[in-house]
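Engineer: Can you keep this structure in mind? I'll have questions shortly.
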Amino acid sequence: MTNEYTCIRISNPTARVAAIELYRPTAMNALNMPMMDEIVDACNRFDADDGIGCIVIHGTEKVFAAGADIKEMEEADAVTMVKRDQFAVWERLRLIKKPLVAAVSGYALGGGCELAMMCDIIIASDTAQFGQPEINIGVMPGAGGTQRLTRALGKSLAMEMIMTGSMLSAAKACEHGLVSRVVPSAVFLQEAFSLASSIASKPPFAVRLAKEAVNAAIEQPLDAGLELERKNFYLLFASNDQKEGMAAFVEKRKPVWSGS
Amino acid sequence: MEMTTLLVHVDDGIMHIRLNRPEVFNACNNVMTTELQKAFSEAGTDERVRCVVLSGSGRAFCSGQDLKEAPGSEGQGTLRDALETRYNPIIRAMTSLPKPIIASINGVAAGAGLSLALAADIRIMSSAAKLVEAFAAIALVPDSGASFFYTRMLGYAQAFEFATRNGQFTAEQALKLGMVNMVVSPDVLDAAVLSLAKEYAAGPTTSYGYIKTLLRTAQTATLDEMLDHEREYQQSAGETQDYAEGVRAFQEKRKPAFSGR
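These protein sequence lines are chains A and B, in that order.
If you read the first sequence in my numbering, its first letter stands for residue 1, the second for the next number, and so on.
If you read the second sequence in my numbering, its first letter stands for residue 1001, the second for the next number, and so on.
Here it is, written out as structure tokens:
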């Protein structure tokens, strides 16, 4: 995998897994506009690549991403912010069809926390800290924090975090369902790659439709979500992988997925 | 070291001891217990060794005594002798070794195999592994330190239930109960263990030895006794080269380079 980016580094840690490392070591990986453009660009490329089954977004052991780049916004007025609409590009990550895993160690603050929450699964190292500290600089979360944190943690805890800027430890984040599990910081990346590899070994079409259906559970009323789930389930019976999966089960052998 | 049931090698200050009878889930036969005694004795005398990792080959950590050579059965000597001459020396050697021992619980740890894991100082466990109390299932009692370790780690009531009802703990339960320190995915276990072993092998080994002795002693001592022990061991720790280096590094705002002495 060649790297033509400046704010991220991409790699191919195991078969069918692509990794995006947030890489602004001198700025605690603060998310600036070029970095978000690069993340979206890399995700789009991986999404179109049949050789990739899962995408991992990670930082270092010390920091995932410590917020959005404040210097970029400090002098801006409201009209500039609206015209720039820099957070809109983030929403393009919602269009990625392949599973996104965030591997968070150290700080995931502000925009860093919001980026992690845009992923489908968050794995936290035991040193991870999540927070939306925007209130401390006179603003509030602007890239999904108020919506996604509330959906993940419930209103009371989300309000407390957003209004005080306080941080949530990995253990607490796990207890409240923000992350799926907590792993030792020394191996948080290997754990994330291992999970991604496991997902990437599943039938891609079924993974894609399942992701869509789970997302409907948070975004749509129950009847609409159930309807989408049923339709996706039936749709899978048009795939070769459904035939192969069920045949292999009956014949007591391992399925070989074709991704079609 | 020439061994037939263990793979032993020293690398970068770490002695790796791997139980290597995967075809019988690393069950302990006579040769293996003799070789474990030898390996832990070597870990004590070899000055290069600053940390020990104990693990198992294949799918299991250790399934305990090999019942094909079950003591107490015909031609195999008594259980009393087996414990006195084979198992107890290993447990004593492990708990008195003044260096950290990491158990890498890659698969099932049962009976005396569980005791081996519990006699280590720190345990990292694969999420697919299990801890199994196998003694009562064949009408025996916990041995190789098991009765001590269970009660210290679990408290009496949990320990009694575990020991009498053929207890099994999943990795998740073991972590919650404090019997293991970390749980990781199976394919990440070796990396997690190596990372921790390297950390210990670069640490103040002599002081770690004192810490181990103090904490082991504290399990059967009074506060008054421990205050006396701490006073004496602190004096000794203060006389190590590593203490001088630690203070220097702190003042110079850099990471200390410990020699282990």
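Glycine residues also receive a C-beta, built at the ideal position from the N, C-alpha and C atoms.
#1: Determine the DSSP secondary structure at A1221/B, reduced to helix, strand or coil.
#2: Does the distance from the C-beta atom of M984/B to that of F1160/B stay below 8 Å?
#3: Can you tell me where the beta strand (DSSP E) with E1133/B in it begins and where it stops?
#4: Return the chain-ordered ranges of every alpha helix (DSSP H) run that is complete within the region 1060-1086 of chain B and spans a minimum of 4 residues.
#5: With DSSP as the reference, identify every bridge partner of L109/A, one or two as the case may be.
#6: Between which two residues does the beta strand (DSSP E) containing R263/A stretch?
#7: Going by DSSP, which residues form a beta bridge with L1196/B?
#8: Identify the contact partners of V183/A in chain B, using a Cβ-Cβ distance below 9 Å as the criterion.
#9: In whole angstroms, what is the alpha-carbon distance linking L1131/B and S1147/B?
#10: Assign R1152/B to one of three DSSP states: helix, strand, or coil.
#11: With distances taken Cα to Cα, identify the nearest neighbour of E212/A among P221/A, P203/A, N232/A, A200/A.
#12: What number of angstroms, rounded off, separates the C-alpha of L178/A from the C-alpha of F1250/B?
#13: Just to confirm, are V1141/B and F1149/B a CB contact at a threshold of 8 Å?
#14: Distance, Cα to Cα, P1022/B vs G144/A?
#15: On the criterion of 16 or more Cβ atoms from any shown chain inside 10 Å, does E1133/B qualify as buried, or is it exposed?
#16: By the criterion of Cβ-Cβ separation under 7 Å, what are the contact partners of V187/A in chain B?
#17: Cutting at 6 Å between CB atoms, please list the residues of its own chain near P204/A, excluding the five before and the five after it.
#18: Using the rule of at least 16 other Cβ atoms within 10 Å of the residue's Cβ for burial, across every protein chain shown, is G1330/B buried or exposed?
#19: Quick one: is M140/A buried, meaning 16 or more other Cβ sit within 10 Å of its Cβ, or exposed?
#20: Quick one: residues in its chain with C-beta nearer than 8 Å to the C-beta of A210/A, no 5 flanking neighbours on either side, listed in chain order?
#21: Pull up the distance between the alpha-carbon of A65/A and that of A30/A, whole angstroms please.
#22: Are Q132/A and G165/A touching if we call contact CB-CB under 8 Å?
#23: Show which residues of chain B have a CB atom less than 7 Å away from the CB atom of S201/A.
#24: Would you be able to state if there are at least three C-beta pairs under 8 Å between the region 1026-1037 of chain B and the region 249-259 of chain A?
#25: With a cut-off of 8 Å, do at least 3 Cβ pairs link the region 74-84 of chain A to the region 117-129 of chain A?
#26: Buried or exposed, going by whether 16 or more other CB atoms sit within 10 Å of the CB of H1009/B?
#27: Within the same chain, show all residues whose beta-carbon is closer than 6 Å to that of S1063/B, passing over the 5 residues directly before and after it, in chain order.
#28: Return the residue from the list V101/A, G59/A, M118/A that minimises the CA-CA distance to A88/A.
#29: Based on the DSSP secondary-structure assignment, which residues constitute the bridge partners of I1105/B?
#30: Label L1196/B either buried or exposed according to how many other C-beta atoms from any shown protein chain fall within 10 Å of its C-beta, with 16 as the threshold for buried.
#31: Can you check whether the CB of F193/A is closer than 8 Å to the CB of M167/A?
#32: Would you call V214/A buried or exposed, if buried means 16 or more other Cβ atoms sit within 10 Å of its Cβ?
#33: Going straight from the alpha carbon of P1089/B to that of L1116/B, what length do you get?
#34: Who pairs with G1209/B in a beta bridge, going by DSSP?
#35: Using a cut-off of 7 Å between C-beta atoms, extract the partners of E191/A located in chain B.
#36: Looking at the unbroken beta strand (DSSP E) that takes in F237/A, where does it start and where does it end?
Structural biologist: Quick look at the numbers:
#1: A1221/B: coil per DSSP, three-state reduction.
#2: For chain B, the structure presents residues 1001 to 1261; residue 984/B sits outside this window and is missing.
#3: Run containing E1133/B: none; DSSP gives neither H nor E here.
#4: The region 1060-1086 of chain B contains, as complete alpha helix (DSSP H) runs of 4+ residues, the segments 1079-1082 (chain order).
#5: Beta-bridge analysis with DSSP links L109/A to A66/A, G131/A.
#6: The first residue shown for chain A is 1 and the last is 260, placing residue 263/A beyond what the model contains.
#7: When beta bridges are read from the DSSP output, L1196/B appears opposite no residue.
#8: Those within 9 Å of V183/A in chain B are M1182, V1183, V1184, S1185, V1188, A1192.
#9: Counting only the Cα atoms, S1147/B lies some 15 Å from L1131/B.
#10: In this structure, R1152/B counts as helix in the three-state DSSP scheme.
#11: The shortest C-alpha separation from E212/A is found at N232/A.
#12: Rounded to whole angstroms, L178/A and F1250/B show a C-alpha spacing of 38 Å.
#13: It is not a contact, given that the beta carbons lie outside the stated cut-off.
#14: If I take the Cα positions, the gap works out to 52 Å.
#15: The residue in question, E1133/B, is buried, as its Cβ has 16 or more Cβ neighbours within 10 Å.
#16: Simply V1184, V1188, A1191, A1192, S1195.
#17: So the qualifying residues of the chain are G53, G259.
#18: An answer regarding residue 1330/B cannot be provided, because it is not within the stretch 1001 to 1261 covered by chain B.
#19: M140/A should be labelled exposed.
#20: Hits under 8 Å: N232.
#21: Straight-line measurement puts the Cα of A30/A at about 6 Å from the Cα of A65/A.
#22: Their beta carbons are under 8 Å apart, which means Q132/A touches G165/A by this criterion.
#23: Neighbours of S201/A in chain B, taken as residues whose beta carbon is under 7 Å from its own, are absent, since the nearest beta carbon is some 12 Å off.
#24: Result no; under three Cβ-Cβ pairs closer than 8 Å.
#25: Verdict: no, contact absent.
#26: H1009/B comes out exposed.
#27: The answer, listed in chain order, is F1025, A1027, A1110, G1113.
#28: Nearest C-alpha to A88/A: M118/A.
#29: Bridge partners of I1105/B: M1125/B.
#30: Counting of Cβ neighbours within 10 angstroms places L1196/B among the buried residues, the total reaching 16 or more.
#31: Against a cut-off of 8 Å, the Cβ pair of F193/A and M167/A comes out as no contact.
#32: V214/A should be labelled exposed.
#33: Each residue's alpha carbon lies about 12 Å from the other.
#34: Partner(s): none; G1209/B has no beta bridge.
#35: The answer, in chain order, is V1184, S1185, V1188.
#36: Element bounds for F237/A: n/a, residue is neither H nor E.
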